[in-house]
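For the sequence shown, the numbering used here gives the first residue as -13, with consecutive numbering after it. The structure under discussion appears below in the form of structure tokens.
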Amino acid sequence: MGRKTSSPYMTFVFPVRDAYRDRIPGAVHVDGTSRIQTLTDEGTPRLTALLRRFTELTDTPCLINTSFNVAGEPIVCTPTDALNCFLGTEIDYLVLGNHLVAKSGTPEPTR
């Protein structure tokens, strides 16, 4: 990250280390950079905990952060919007607060 120590609002791009480019292709731009968001326990405790657990399970310290909507539709703003969008996509799981929603027939995620 050079001289920067944080990027909480995804306002900067940084080069991705060669060792990670193939591991996180969805997060790497064609020029080998990525727009990152740094997390802290104080600012985003639940997301930070999720990232720590994901890293423990996968050895990949990265989650994809994107807007939640489908082409031509507005960004999801409410739990009802989230459920309606989720049900109209091929997304397998939806986290709403402390709840994990899965579509019928979707296997339970590995813990």
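Built from N, CA and C at the ideal position, the CB exists for glycine as well.
- Collapsing the DSSP output to three states places Phe54 in coil.
- Pairing Ser(-8) with Thr41 gives a Cβ-Cβ distance that is not under 8 Å.
- Cys48 and Leu37 have their C-alpha atoms some 7 Å from each other.
- Cα atoms of Asn70 and Leu80: separation of roughly 11 Å, rounded to the nearest angstrom.
- Listed as beta-bridge partners of Thr19 by DSSP are Pro1.
- The three-state reading of DSSP puts Tyr79 in strand, counting E and B together.
- Within the same chain, and ignoring the five residues on either side of Thr19 in sequence, the residues whose Cβ sits closer than 7 Å to its Cβ are Val(-1), Phe0, Pro1 and Val2.
- Straight-line measurement puts the Cα of Asp45 at about 10 Å from the Cα of Arg39.
- Distance from the CA atom of Leu86 to the CA atom of Ile50, rounded to whole angstroms, is 18 Å.
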